[in-house]
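Q: Let me give you the structure first, and then I'll get to my questions.
There are 2 protein chains.
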Amino acid sequence: MIQKLIENIKKTNAPIVVGLDPMMNFVPEQLVKAAFAEFGETLEGAAEAIWQFNKAIVDETYDLIPAVKPQIAMYEQFGIPGLQAFKKTVDYCKEKGLVVIGDVKRGDIGSTSAAYAAAHLGKVQVGSQFLTPFGEDFATVNPYLGTDGIKPFIEVCQKEKKGLFILVKTSNPSSGEFQDRMVDGRPLYELVGEKVAEWADSCMGDDYSYVGAVVGATYPEMGKVLRKVMPKSFILVPGYGAQGGKAADLVHYFNEDGLGAIVNSSRGIIAAYRQEKYAKFGAENFAQASRQAVVDMIEDIGSALENR
Amino acid sequence: MIQKLIENIKKTNAPIVVGLDPMMNFVPEQLVKAAFAEFGETLEGAAEAIWQFNKAIVDETYDLIPAVKPQIAMYEQFGIPGLQAFKKTVDYCKEKGLVVIGDVKRGDIGSTSAAYAAAHLGKVQVGSQFLTPFGEDFATVNPYLGTDGIKPFIEVCQKEKKGLFILVKTSNPSSGEFQDRMVDGRPLYELVGEKVAEWADSCMGDDYSYVGAVVGATYPEMGKVLRKVMPKSFILVPGYGAQGGKAADLVHYFNEDGLGAIVNSSRGIIAAYRQEKYAKFGAENFAQASRQAVVDMIEDIGSALENR
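These protein sequences, in sequence, are chains L and W. For the first sequence, the residue numbers in my numbering are 1057 to 1364. For the second sequence, the residue numbers in my numbering are 1057 to 1364.
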């Protein structure tokens, strides 16, 4: 799947990913009204609204982008119907040729991690059948439990040609509370990065590993170091745009080959119509506003990479 | 909800929790056959089998125990139907008066953590309605992202009178890879424990906080230290039985008042009928075997606490 991600990035010339994290207040009135008219003010109604919202944005942007990253929490909050909308979104994006990164941040141990890996990247055996529960292409994983937690995910990735992005340095203000603490003269995130590099070595595609890392756009100096610590890993970069990360800061997350990183934007794309810059589109044309925001983001990151 | 947990523990005189982590190979043949006869070898069939398995065990044990801990990964691996079985299990256990600890190990930041908190402990707003997505009483949470990840959970707990167990020191062999690394002269898990104590102070019930911790039974010396670091937090203790933790090792996880800890057993209870010790019950009477295993566990931990 890392090969497909790389192909898609080369084809679109866009090392970006659109975060499909639909908050209810992002969804334009007309979609909410239609969904409530059909299903009432229920979990089903909310799920229908976010699914229609996603579908419209994917239809308008899929030809420009290599990948999407649905954040499962935004679906899980609408219970079972919300998770049905998640599954529909995953399936639809795959049909459109997009790589789907399930931002699930799961992490447990042994048979429990194996169950999460099966849920999101693999198949589950039921009698004589092997069935696909959610079927994303990549999943984000939390490393706090150590190798016991990561190994079962890696085994599924090897078997199914899927991939991981392991949290190394997250984009939030308090990420340093534990991640930056000094261990044997270097910060914990660097130690986690070294482990990621070790795991990555055992899961190589052609030039890059199936095992990538998450490093926030908001800590560019750390990103520069971590790029070198994990040379074979793709870095998934949250925090661009809404959280404050700028394109010029992100050039060091990429390798010399122009690959090795994929920058996420969520509300900056999917809620673009609510920004002054894209207000001219209006709420009716929210998906076209998202398309324009994608074009602008590709341009922004592309020119930063050219000028590095 | 911490008050209800304490009441239930006092009423049953059993500081234990049954882990409802149904692997397909734990479910006796007769239940699997019946479920497949109705739904085929499908995700629905698997979900029906684990739900009937859970229900039988809950029916046979609910009067002896204060709480259950369903591990959501074991349901998520069966996709949407699996999560429906999770929800049914949560609802059924609450009807039976049990405290339900959702072992979900979620963790993210800001609005994403808020969405997870709403999903598992709170309500979600849909139009003018406030709806309950999954509705557990407690949730387990991963601390790697720091305060930004925990605060949204705490806010929901305060509003809804729910509770958390934050991962501090997990029971698995490789948990030390990151958790035991020395930071300013003490291990990282102790630093996380100090943060838990700080968060716990802001969320007090009568004598204990809504904010508890997870500390594995397999590291009793560390449990002893962490008990003192987090005096107001309940400790959820995995790793008893199958993973090797012994009752005598666990007495230091409790406070002098005999409270402050709740010991989990999953396969030791729910798959008891597969152990030699309980083989006489046979697969037909798997739930009675579970009941006997609960009785034995209560006795084992009770006598260790008396003899400390």
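Quick reminder that beta carbons are idealized off the backbone N, C-alpha and C, glycines included.
Distance check for residue 1118(W) and residue 1079(W), CA to CA, integer angstroms please.
A: On the second sequence, position 23 is the one that residue 1079(W) refers to. On the second sequence, position 62 is the one that residue 1118(W) refers to. Cα to Cα, the separation comes out at about 20 Å.
Q: Going by the DSSP bridge assignment, what does residue 1296(L) pair with across the sheet?
A: Translated into positions along the first sequence, residue 1296(L) becomes position 240. Bridge partners of residue 1296(L): 1301(L).
Q: Could you name the residues of chain L that residue 1221(W) contacts, counting a contact when the two beta carbons are closer than 7 Å?
A: Mapped onto the second sequence, residue 1221(W) falls at position 165. Near residue 1221(W) there are no residues of chain L at all, since even the closest Cβ is about 14 Å away, more than 7 Å.
Q: Check the Cβ-Cβ distances between residue 1190(W) and every residue of chain L, and say whether any is below 8 Å.
A: Counting from one through the second sequence, the residue named residue 1190(W) turns up at place 134. It does: the Cβ of residue 1190(W) has a partner Cβ on chain L nearer than 8 Å.
Q: Who are the Cβ neighbours of residue 1075(L) in its own chain at under 8 Å, not counting the five residues just before and after it?
A: Walking along the first sequence from the start, residue 1075(L) turns up at place 19. The residues are 1124, 1125, 1126, 1127, 1159, 1294, 1320, 1321, 1322, 1323, 1325, 1326.
Q: So the candidates are 1068(L), 1359(L), 1093(L); which of them puts its Cα closest to the Cα of residue 1305(L)?
A: Here residue 1305(L) refers to the residue found at position 249 when the first sequence is read from its first residue. Per the Cα distances, 1359(L).
Q: For the region 1200 to 1217 of chain L, enumerate the residues whose C-beta is nearer than 7 Å to any C-beta of chain W, in chain order.
A: The residues in question are 1200, 1201, 1202, 1203, 1204.
Q: Should the region 1326 to 1344 of chain W be called in touch with the region 1306 to 1318 of chain W, which here means at least 3 C-beta pairs below 8 Å?
A: No, the region 1326 to 1344 of chain W does not touch the region 1306 to 1318 of chain W.
Q: Could you give the residue range of the alpha helix (DSSP H) that holds residue 1092(W)?
A: Stepping through the second sequence from its first residue, residue 1092(W) is reached at position 36. Residues 1085 to 1095.
Q: According to a CB-to-CB cut-off of less than 7 Å, which residues of the region 1147 to 1165 of chain L neighbour chain W?
A: The residues in question are 1161, 1163, 1164, 1165.
Q: List, in order along the chain, the chain W residues whose C-beta lies closer than 9 Å to that of residue 1198(L)?
A: As a first step, residue 1198(L) must be located in the first sequence, where it is residue number 142. What residue 1198(L) touches in chain W: 1161, 1163, 1198, 1200, 1201.
Q: Under a three-way DSSP split, which group does residue 1184(W) fall into?
A: As a first step, residue 1184(W) is located in the second sequence; it is residue number 128 there, counting from the start. Coil at residue 1184(W), not helix or strand.
Q: Indicate whether residue 1152(L) and residue 1114(L) have their beta-carbon atoms separated by less than 8 Å.
A: To locate residue 1152(L), count along the first sequence from 1; it is residue 96. To locate residue 1114(L), count along the first sequence from 1; it is residue 58. A contact, by the Cβ cut-off of 8 Å.
Q: Between residue 1314(W) and residue 1364(W), what straight-line distance do the alpha-carbon atoms span, to the nearest angstrom?
A: In the second sequence, counting from the first residue as 1, residue 1314(W) sits at position 258. In the second sequence, counting from the first residue as 1, residue 1364(W) sits at position 308. Approximately 11 Å, taken between the alpha carbons.
Q: Thinking residue 1189(W) and residue 1134(L) are a contact (beta carbons under 8 Å), I'd like their distance in whole angstroms, please.
A: Start at 1 with the first residue of the second sequence, and residue 1189(W) comes out as number 133. Start at 1 with the first residue of the first sequence, and residue 1134(L) comes out as number 78. That pair is a contact at about 6 Å.
Q: Which value, in whole angstroms, describes the spacing of the CA atoms of residue 1231(W) and residue 1274(W)?
A: Residue numbering aside, residue 1231(W) sits at position 175 when the second sequence is read from its first letter. Residue numbering aside, residue 1274(W) sits at position 218 when the second sequence is read from its first letter. Approximately 11 Å, taken between the alpha carbons.
Q: Tell me the rounded alpha-carbon separation between residue 1116(L) and residue 1178(W).
A: Numbered from its first residue, the first sequence carries residue 1116(L) at position 60. Numbered from its first residue, the second sequence carries residue 1178(W) at position 122. The straight-line gap from Cα to Cα measures roughly 34 Å.
Q: Quick check on residue 1310(W) - is its C-beta less than 8 Å from some C-beta in chain L?
A: As a position in the second sequence, residue 1310(W) is number 254, starting the count at 1. So, not an interface residue.
Q: Do the region 1263 to 1278 of chain L and the region 1244 to 1253 of chain L make contact, defined as three or more Cβ pairs closer than 8 Å?
A: Flag = yes, the region 1263 to 1278 of chain L and the region 1244 to 1253 of chain L touch.
Q: Tell me where the beta strand (DSSP E) around residue 1162(L) begins and ends.
A: Residue 1162(L) sits at position 106 when you count from the first residue of the first sequence. Taken as a continuous stretch (DSSP letters only), the beta strand (DSSP E) holding residue 1162(L) covers 1155 to 1162.
Q: Hey, does residue 1093(L) have any beta-carbon neighbour from chain W nearer than 8 Å?
A: Indexing the first sequence from 1 puts residue 1093(L) at position 37. Residue 1093(L) does not count as touching chain W.
Q: For the region 1106 to 1170 of chain L, list the beta strand (DSSP E) runs that are entirely contained and at least 3 residues long, ordered along the chain.
A: Counting only runs of 3 or more, we get 1155 to 1162.
Q: Check the Cβ of residue 1342(W) against every Cβ in chain L and list those closer than 9 Å, keeping chain order.
A: Looking up residue 1342(W) in the second sequence gives position 286. Here the premise fails: no neighbours, minimum Cβ distance about 19 Å.
Q: Does any CB atom of chain L fall closer than 8 Å to the CB of residue 1250(W)?
A: Sequence index remark: in the second sequence, residue 1250(W) carries index 194 (1-based). It does not; no Cβ of chain L falls within 8 Å.
Q: Since residue 1244(W) meets chain L, which of its residues come closer than 8 Å, beta carbon to beta carbon?
A: Locating residue 1244(W) in the second sequence gives position 188, counting from the first residue. Neighbours of residue 1244(W) on chain L, chain order: 1234, 1237, 1239, 1244.
Q: Let me check understanding here. Comparing Cα to Cα, which of 1104(L), 1346(L), 1219(L) lies closest to residue 1289(L)?
A: Against the first sequence, residue 1289(L) aligns to sequence position 233. Of 1104(L), 1346(L), 1219(L), the residue nearest in Cα terms is 1219(L).
Q: If we count the other Cβ atoms within 10 Å of its Cβ and call it buried at 16 or more, is residue 1228(W) buried or exposed?
A: By 1-based counting over the second sequence, the position of residue 1228(W) is 172. By the 10 Å Cβ count, residue 1228(W) comes out buried.
Q: Report the three-state DSSP secondary structure of residue 1346(L) (helix, strand or coil).
A: To locate residue 1346(L), count along the first sequence from 1; it is residue 290. DSSP places residue 1346(L) in helix when its eight states are reduced to three.
Q: If I'm right that residue 1270(L) touches residue 1196(L) with Cβ under 8 Å, what's the distance once you round it to whole angstroms?
A: As a working mapping, residue 1270(L) is identified with position 214 in the first sequence. As a working mapping, residue 1196(L) is identified with position 140 in the first sequence. At roughly 6 Å, the Cβ-Cβ gap stays under 8 Å, so residue 1270(L) and residue 1196(L) are in contact.
Q: Alpha carbon to alpha carbon, how far is residue 1199(W) from residue 1170(W)? Give it in angstroms, no decimals.
A: Your numbering for residue 1170(W) matches position 114 in the second sequence. Your numbering for residue 1199(W) matches position 143 in the second sequence. Computed Cα separation, rounded: 14 Å.
Q: Report back the beta-carbon spacing between residue 1266(W) and residue 1058(W) to the nearest angstrom; my notes put them in contact at under 8 Å.
A: Taking the first residue of the second sequence as position 1, residue 1266(W) is located at position 210. Taking the first residue of the second sequence as position 1, residue 1058(W) is located at position 2. Going by Cβ atoms, the distance from residue 1266(W) to residue 1058(W) rounds to 5 Å, so yes, they are a contact pair.
Q: What are the start and end residues of the beta strand (DSSP E) that includes residue 1225(W)?
A: Working through the second sequence from its first residue, we reach residue 1225(W) at position 169. From DSSP, the beta strand (DSSP E) with residue 1225(W) extends over 1219 to 1225.
Q: Establish whether the CB of residue 1228(L) and some CB of chain W are separated by less than 8 Å.
A: Along the first sequence, one-based indexing puts residue 1228(L) at 172. Yes, because at least one Cβ of chain W sits closer than 8 Å to the Cβ of residue 1228(L).
Q: Do residue 1120(W) and residue 1291(W) have their beta-carbon atoms positioned less than 8 Å apart in this structure?
A: Position 235 of the second sequence, counted from the start, is the residue given in the question as residue 1291(W). Position 64 of the second sequence, counted from the start, is the residue given in the question as residue 1120(W). Not a contact, by the Cβ cut-off of 8 Å.
Q: Return the chain-ordered list of same chain residues with a C-beta closer than 7 Å to the C-beta of residue 1100(L), the five sequence neighbours on each side being excluded.
A: By 1-based counting over the first sequence, the position of residue 1100(L) is 44. So the list reads 1137, once near-sequence residues are dropped.
Q: Could you give the distance in angstroms between the alpha-carbon of residue 1104(L) and the alpha-carbon of residue 1145(L)?
A: Start at 1 with the first residue of the first sequence, and residue 1104(L) comes out as number 48. Start at 1 with the first residue of the first sequence, and residue 1145(L) comes out as number 89. Cα-Cα distance, rounded: 11 Å.
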